[in-house]
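Numbering (the numbering used here), first residue to last: 115 to 458.
The next block holds one structure in the form of structure tokens; read it before the comments.
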């Protein structure tokens with residue numbers, strides 16, 4: 115009997131099998147579809163085009179703004195600059211007003227201006243079977259050949275840095291979509307508004323910190339955790355590069371700024387949607403300078419672990435005495451984002 119798949123990302127093993135059925139024969143494609151790959155990269159003379167598509171399905175408030183920045187983030191992880199944006203808007207029948215459509219377009223326009231990109235096309239329709247708008251974004255960027263950063267570039271011995279923290283996007287999403295539940299849990303309006311505002315401050319864009327990291331030293335790989343959170347982002351980075359990772363729970367907890375919210379809703383902060391964070395793999399000799407430069411630029415960050423041989427798998431160390439004590443255990447992987455528990 116054919117089984118029904120759960121909400122969220124496809125299981126990575128299934129996705130790997132599906133991608134194997136779609137080989138790419140164009141020699142100009144430097145990066146094609148693969149587990150852990152954020153973008154596609156096409157070689158064009160002295161530079162590369164970097165392409166990304168991602169939908170916004172959880173958020174309704176500021177959905178157009180989300181769509182631009184979430185897609186631009188993956189362009190940034192390749193060391194590229196986002197330039198051209200296309201949007202497909204799927205709007206629910208009997209719920210779509212002219213005001214809603216205008217608002218989404220205004221959000222897209224404002225977000226494009228913020229990052230220096232242009233809206234160059236797309237498609238808009240009112241369609242069957244939806245209870246909320248969906249925006250599918252496509253961002254195209256460019257980067258000189260010698261400055262391309264690949265998702266599969268992490269090397270054994272690299273240090274792993276994480277910026278901003280766990281679940282920034284999830285915290286903002288809960289405040290914007292579940293404010294009544296937060297009030298019932300005892301959160302006052304000031305606290306709820308502060309959570310809403312993390313969407314912009316510190317913000318879900320990682321463009322600035324990606325640029326700071328690349329200017330500070332040689333970046334081997336970058337990845338922005340989205341669905342499945344930082345834990346799944348680490349798995350994806352490791353699978354792309356065919357390596358393992360060991361991360362320190364103590365260092366991750368330093369960046370667990372919204373722990374109280376996730377605890378109240380029974381969500382694991384390691385597995386909630388995490389746009390706004392950036393994972394960086396860099397040689398140990400560059401990592402400390404990158405950390406210093408990020409902190410100097412006002413970006414919270416920490417060295418959370420290191421890249422190890424693939425035979426060691428993906429592990430997290432915790433439960434012992436600091437500094438960096440405890441037992442190694444398997445790093446969890448969230449094929450279904452924790453936030454889906456609130457939107458089922």
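Backbone N, C-alpha and C fix where the C-beta goes; we use that ideal spot for every residue, glycine too.
For residue i, which residues does DSSP report across the bridge?
i, result
"residue 421", "359"
"residue 258", "161"
"residue 337", "393"
"residue 251", "168, 201"
"residue 156", "143, 163"
"residue 273", "396, 420"
"residue 265", "Note: residue 265 sits in no beta bridge, so no partner."
"residue 196", "255"
DSSP on residue i, reduced to helix/strand/coil?
i, result
"residue 137", "coil"
"residue 412", "coil"
"residue 326", "helix"
"residue 115", "coil"
"residue 368", "helix"
"residue 168", "strand"
"residue 189", "helix"
"residue 429", "strand"
"residue 206", "strand"
"residue 383", "helix"
"residue 69", "Any property of residue 69 remains undetermined from this structure, which presents the chain solely from 115 to 458."
"residue 316", "helix"
"residue 175", "coil"
"residue 124", "coil"
Return the first residue and the last residue of the beta strand (DSSP E) that residue i is part of.
i, result
"residue 241", "232 to 241"
"residue 443", "440 to 444"
"residue 320", "Looking at the DSSP string, residue 320 is not in any beta strand (DSSP E), and its letter there is neither H nor E."
Quick one: is the Cβ of residue i within less than 8 Å of any heavy atom of the ligand SAH?
i, result
"residue 409", "No copy of the ligand SAH occurs in the structure displayed, which carries no ligand at all."
Could you check how far apart the C-beta atoms of residue i and residue j are, in whole angstroms? I think they sit under 8 Å.
i, j, result
"residue 359", "residue 352", "5 Å"
"residue 394", "residue 333", "6 Å"
"residue 323", "residue 413", "5 Å"
"residue 465", "residue 160", "With the chain covering only 115 through 458, there is no way to say anything about residue 465."
"residue 178", "residue 221", "3 Å"
"residue 384", "residue 275", "Not really, about 17 Å apart at Cβ, beyond 8 Å."
"residue 266", "residue 355", "5 Å"
"residue 403", "residue 331", "5 Å"
"residue 381", "residue 455", "7 Å"
Taking C-alpha atoms, which residue in the options lies nearest to residue i?
i, options, result
"residue 229", "308, 134, 363, 317", "317"
"residue 443", "429, 214, 251", "429"
"residue 364", "424, 431, 190", "431"
"residue 459", "156, 308, 272, 398", "Given a span of 115 to 458 for the chain in the structure shown, any question on residue 459 remains unanswerable."
"residue 290", "326, 180, 354", "180"
"residue 237", "399, 250, 264, 273", "250"
"residue 205", "199, 218, 189, 198", "218"
"residue 440", "406, 361, 401", "361"
"residue 123", "144, 134, 168", "168"
"residue 208", "246, 173, 116, 277", "246"
"residue 271", "133, 399, 115", "399"
"residue 150", "137, 174, 264", "264"
"residue 212", "415, 120, 240", "240"
Please list the terminal residues of the continuous alpha helix (DSSP H) segment that includes residue i.
i, result
"residue 223", "212 to 229"
"residue 304", "303 to 311"
"residue 378", "373 to 378"
"residue 299", "Counting along the chain, residue 299 falls outside any alpha helix (DSSP H), and DSSP gives it neither H nor E."
"residue 291", "282 to 291"
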